[in-house]
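First the structure, in the form of structure tokens, and then the observations on it.
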Amino acid sequence: MKLKFIFLVYLLQILSINVFAQESDVKTLIRSPLLGNCITCHQFPGEAGKQGNFAPSLIGVGKKYNLDQLKQWISDARVLNPNTLMPPFGSINGLSQPMVNQPVLTIEQINKIALELKTYN
Ligand code: HEC
125 MKLKFIFLVY
135 LLQILSINVF
145 AQESDVKTLI
155 RSPLLGNCIT
165 CHQFPGEAGK
175 QGNFAPSLIG
185 VGKKYNLDQL
195 KQWISDARVL
205 NPNTLMPPFG
215 SINGLSQPMV
225 NQPVLTIEQI
235 NKIALELKTY
245 N
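Numbering-wise, the sequence shown is residues 125 to 245 according to my numbering.
So this is what it looks like as structure tokens:
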């Protein structure tokens, strides 16, 4: 009984994340702790005072990389740098404890964020 309840809560959580994810605009993808959560580690234009400095600033990153490279960084940066500390948002390969049994972001969400980053010139 208790297990069924826990499973139901877990299922509802996954469903609500997905519903939330579909509706989200690019700023939500970048800010939300349930989605990209990029500003925890990166500085973004127009987000002064809210973001972390663990990772390189993304101001000007649109000049540094083309669209495919930006998608790769978000999807799975291990392809570009095997020792990277950037989490893979589009892959669960090789992860021992993925948050859920699916990548954090969908391909559509990754494409949306990459298009946004491309405008940071
Ligand atoms: C847990 C911290 C963390 C989070 C969250 C995170 N990143 Fe990163 N990111 C990093 C680190 C660390 C690097 C540098 C890694 C390296 O050089 O291999 C990096 C590198 C990058 C780069 C390449 C930057 C450059 O100048 O070369 C891009 C682009 C990027 N991240 C985009 C994103 C986006 C978009 C998100 C949200 C979907 C995100 N990151 C979330 C830690 C993070």
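Beta carbons are placed, not taken as given, at the ideal position from N, Cα and C, and that holds for glycine.
Taking Ala-201 as reference, the option from Thr-164, Lys-187, Ile-234 and Ser-220 with the minimal CA-CA separation is Ile-234.
The C-beta distance from His-166 to Ser-156 rounds to 14 angstroms, too long to fall under 8 angstroms, and the pair is not in contact.
DSSP places Asn-235 inside the alpha helix (DSSP H), whose first and last residues are 231–242. Checking the 7 angstroms criterion, the Cβ of Thr-164 is within range of a heavy atom belonging to the ligand HEC. Just so you know, the alpha carbons of Lys-188 and Asn-225 end up roughly 33 angstroms apart. Counted as a single uninterrupted DSSP element, the alpha helix (DSSP H) harbouring Leu-194 occupies residues 191–200. With contacts defined as CB atoms closer than 8 angstroms, Ala-172 and Ile-198 fail to qualify as a contacting pair.
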